[in-house]
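Student:
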Amino acid sequence: ILLGIHDPRFSDIDLIVYGLENARRLKAMIQEGRSERFRPVGEEERRAWSQNIAERFPLTYGQARYLADRRWRYGYFGQRYFSLHPTRCDEEIREGYGDHVYRDRGVVRIAATVVEASESMFLPAIYRLGDVTILEQEIEGSVGDVEIEEIVSYEGLYCEAADAGDEIEARGKLESVDERAFRLVVGTTRLQGGGYLRPRRLG
Numbered sequence: 524i525l526l527g528i529h530d531p532r533f534s535d536i537d538l539i540v541y542g543l544e545n546a547r548r549l550k551a552m553i554q555e556g557r558s559e560r561f562r563p564v565g566e567e568e569r570r571a572w573s574q575n576i577a578e579r580f581p582l583t584y585g586q587a588r589y590l591a592d593r594r595w596r597y598g599y600f601g602q603r604y605f606s607l608h609p610t611r612c613d614e615e616i617r618e619g620y621g622d623h624v625y626r627d628r629g630v631v632r633i634a635a636t637v638v639e640a641s642e643s644m645f646l647p648a649i650y651r652l653g654d655v656t657i658l659e660q661e662i663e664g665s666v667g668d669v670e671i672e673e674i675v676s677y678e679g680l681y682c683e684a685a686d687a688g689d690e691i692e693a694r695g696k697l698e699s700v701d702e703r704a705f706r707l708v709v710g711t712t713r714l715q716g717g718g719y720l721r722p723r724r725l726g
């Protein structure tokens, strides 16, 4: 609005929500239907969205529909479409630029259990992992034992894609962290859309 580039006839509303607890409270309010002015995306829109995602990403329609049904942060305020974007407040930022060195080590596909997902609401979304099994790997150079500790997704589609306790499958870029730990990164140009994160129970 300040820039004067909006158009009241069709512009939507995009809001930033600062802090995990604020985002959780807003999520609960929307999901519990405490305000009659908020309404979720309808069935027809969900079907169309799911079909579009299944065509653009390595997901089946069922997997895309699962994500569609979890998308609480999109809907309508009155007749106006809105989207909400949780972001970390200053106290929740634990890493500064240059604190760690990340190196590309190849591409892997894994199965794992999500052990902690509180930061999956943000972008990048972070999932702490346990019981990791490497299903496929294209690792470059000698990296020793690969123990992947987390998934980091820069693709907003995979925000809140899984909860703690969920068994998931993921494919992405393998990165070493300070030459002593590993993470899997989804949403990079290296895989050109070939990365993903999806619940294993959906196939």
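Here the sequence shown is numbered in this note's numbering, starting from 524 and rising by one per residue. The C-beta atom is built at its ideal place from N, Cα and C for all residues, glycine as well.
1. State the CB to CB distance for the pair Q660 and G629, rounded to an integer number of angstroms; the pair is presumed to be in contact (CB under 8 Å).
2. Given a cut-off of 8 Å on the beta-carbon distance, is the pair S643 and L543 in contact?
3. Quick check: what's the CA-CA separation for C612 versus L538?
4. Expressed to the nearest angstrom, what Euclidean distance is found between the alpha-carbon atoms of L658 and A634?
5. So, L582 versus Y681, is the Cβ gap smaller than 8 Å?
6. So, R724 versus E690, is the Cβ gap smaller than 8 Å?
7. Any idea what DSSP makes of L543, helix, strand or coil?
8. Determine which residues share a DSSP beta bridge with Y599 and list them.
9. What residue from V655, I553 and I616 has the CA that sits closest to F600's CA?
10. Taking R560 as the reference, give the member of A546, R579, Y604 and G527 with the closest Cα.
11. Could you check how far apart the C-beta atoms of L707 and I662 are, in whole angstroms? I think they sit under 8 Å.
Tutor: If we stick to the structure as given:
1. Locating residue 660 in the sequence shown gives position 137, counting from the first residue. Locating residue 629 in the sequence shown gives position 106, counting from the first residue. Indeed, because the Cβ distance is near 7 Å, the residues count as touching under 8 Å.
2. Here residue 643 is taken as the residue at index 120 of the sequence shown, counted from 1. Here residue 543 is taken as the residue at index 20 of the sequence shown, counted from 1. Not a contact, by the Cβ cut-off of 8 Å.
3. Your numbering for residue 612 matches position 89 in the sequence shown. Your numbering for residue 538 matches position 15 in the sequence shown. Near 14 Å, if we compare the C-alpha coordinates of L538 and C612.
4. Position 135 of the sequence shown, counted from the first residue, corresponds to residue 658. Position 111 of the sequence shown, counted from the first residue, corresponds to residue 634. One C-alpha to the other measures close to 7 Å.
5. Here residue 582 is taken as the residue at index 59 of the sequence shown, counted from 1. Here residue 681 is taken as the residue at index 158 of the sequence shown, counted from 1. No, the Cβ-Cβ distance between L582 and Y681 is not below 8 Å.
6. Indexing the sequence shown from 1 puts residue 724 at position 201. Indexing the sequence shown from 1 puts residue 690 at position 167. Yes; because the gap between Cβ atoms is below 8 Å, this pair is in contact.
7. The residue given as residue 543 occupies position 20 in the sequence shown. Note: L543 maps to helix in three-state DSSP.
8. Against the sequence shown, residue 599 aligns to sequence position 76. According to DSSP, Y599 bridges with R562 and Y604.
9. As a working note, residue 600 is residue 77 in the sequence shown. Checking every option, the nearest Cα to that of F600 belongs to I553.
10. Stepping through the sequence shown from its first residue, residue 560 is reached at position 37. For the residues A546, R579, Y604 and G527, the minimum Cα distance to R560 belongs to Y604.
11. By one-based count along the sequence shown, residue 707 stands at place 184. By one-based count along the sequence shown, residue 662 stands at place 139. Actually they do not touch by this definition, with Cβ atoms about 12 Å apart.
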